[in-house]
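Undergrad:
In the numbering used here, the protein residues as written are 673 to 958.
#1: Looking only at its own chain, which residues have a Cβ that is under 7 Å from the Cβ of residue 760, when we skip the five neighbours before and after it?
#2: Inspect the beta-carbon positions of residue 839 and residue 803 and report whether they are closer than 8 Å.
#3: Only counting the same chain, and skipping five residues up and downstream in sequence, which positions put a Cβ closer than 8 Å to that of residue 913?
#4: Between which two residues does the alpha helix (DSSP H) containing residue 897 stretch?
#5: So, at 6 Å on beta carbons, what are the nonlocal neighbours of residue 950 in its own chain, with the 5 sequence-adjacent residues on each side left out?
#6: Which whole runs of the alpha helix (DSSP H) in the segment 790-825 are 4 residues long or more, in chain order?
#7: Would you call the segment 704-719 in contact with the segment 857-877, where contact means no fewer than 3 C-beta pairs closer than 8 Å?
#8: Which residues mark the beginning and the end of the alpha helix (DSSP H) in which residue 935 is found?
#9: Can you give the Cα-Cα distance for residue 943 and residue 843, rounded to whole angstroms?
#10: List the residues that DSSP assigns as beta-bridge partners of residue 913.
#11: Span of the beta strand (DSSP E) holding residue 768?
#12: Among 906, 753, 800, whose alpha-carbon lies nearest the alpha-carbon of residue 819?
#13: Residue 936 to residue 895, Cα distance in whole Å?
#14: If you drop the 5 nearest sequence neighbours on each side, which residues of the same chain put their C-beta closer than 8 Å to that of residue 784?
#15: Among 863, 831, 703, 678, whose alpha-carbon lies nearest the alpha-carbon of residue 697?
#16: What's the C-alpha gap between residue 681 and residue 702?
#17: Run through the DSSP bridge pairs and tell me what residue 737 is partnered with.
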């Protein structure tokens, strides 16, 4: 058995996957910058610099690997990057792809990010390479990442009203991917919608964080226009801004509140609850 190429190895899912595969399989970590490659190399992980915009660099980075974990950057050319990665996989001799997509992704989804992910999924499906697609819901890590400053300021200000989302811990996505990459038999051609064990409104998220971190924080609903202005003021690129706004609209359609048991089905372990995540990461909000 050859090695596993982990694309996006410095991201939330990719870094957790590298950890999950430690001592279980040979791993090559694909990263975008030499600094990130050096950081992984210092931990004993073979890392190769590659660029989703450059198919040849992706092909070279995958050399000697027979399995691919593919997660794409949240960027304007997401679908094109997916095509490059899939074409590179074919040229590099990849024999199995585990793709981490987006919840509700479809090439005919009515919101653009869903379509972009859906097109990338279609490239994987049409490649002729055996595959499994994971479609995870919104990450719990968003609250320790780009939303952490809102939490620390005491107000989670998003235009999502009282609609619920079944947030998932990125480590559970990685655990599912690891399980498949180590033995995907019987899962080829399948699509799995991944969620956490419960759906939560932002009011409930704020209450859970406040209790875990011992801070004052609340959900403060805002109009979409105010949210757009805040994103602009923060320097968020136009494409990213449009995608974030569209995701809030999808939340308000009630499309992200479904709860599945796919994590437990694939890993044998129940998905992590947000309460446990908040307790573990309380320091991020102080």
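Note that CB positions come from ideal geometry on N, CA and C, so glycine has one too.
TA: Reading it off the structure:
#1: 727, 730, 731, 734
#2: no
#3: 900, 903, 904
#4: 896-905
#5: 880, 881, 884
#6: 820-825
#7: no
#8: 934-939
#9: 9 Å
#10: BP columns for residue 913 are empty, so no partner.
#11: 768-772
#12: 906
#13: 37 Å
#14: 914, 915, 918
#15: 678
#16: 6 Å
#17: 675
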